[in-house]
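Each residue of the sequence shown is one higher than the one before, counting from 1 in my numbering. Have a look at the structure below before the remarks.
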Amino acid sequence: MSKAEEAVKKHEEGYNCCQAVACVFADEVGMDEATLYKLGEAFGAGMGTTQGVCGAMSGAALLAGLVNSDGDTDHPAGTKASTMKLVGAMQKEFVQKAQRLICADIKKGNNGGAFTSCPDCIRIAAEIAEKLFV
């Protein structure tokens, strides 16, 4: 089963969109799933149910930070710019595929239907995140 399909399955089991994306990459980032689950908990339904930035994309961004950051708290500028640039590119790809970035806009869609379903947003974000580990 692909990471994208694993993430959709986690969402079906009750994980929010962010948790679903982040948690399937626990081994790749060297973290236990419970910690990633906790980190992603507040980002459901567009961060705290505000329907802001898609939670699935937030999960992918969280993974990008874990992969790209040097973690050097004594010199915080070290990898910050490259991580932000990386997430900007990921976000651009997400918007190309999901049509929107903001959860409320994604769900609003045309003619009362969503532009992209939550499971499809999760698939898209997980596929984008998977490129971090290639």
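Even glycine gets a Cβ: it sits at the ideal position worked out from N, Cα and C.
- With fewer than 16 other Cβ atoms inside 10 Å of its own Cβ, G113 counts as exposed.
- A straight line joining the alpha-carbon of I102 with that of P76 spans about 29 Å.
- The Cβ atoms of H11 and I128 lie no closer than 8 Å to each other.
- Here DSSP, grouped into helix, strand and coil, assigns V24 to coil.
- Judged by DSSP secondary structure, M31 falls outside any alpha helix (DSSP H); it is assigned neither H nor E.
- For G59, the uninterrupted alpha helix (DSSP H) segment begins and ends at 55 to 68.
- In this chain, V134 is not harboured by any alpha helix (DSSP H), its DSSP state being neither H nor E.
- The straight-line gap separating the alpha-carbon atoms of K92 and D74 is approximately 31 Å.
- For L63 and A22, the gap between their C-alpha atoms comes out near 6 Å.
- For the pair G65 and E130, the Cα-to-Cα distance works out to about 13 Å.
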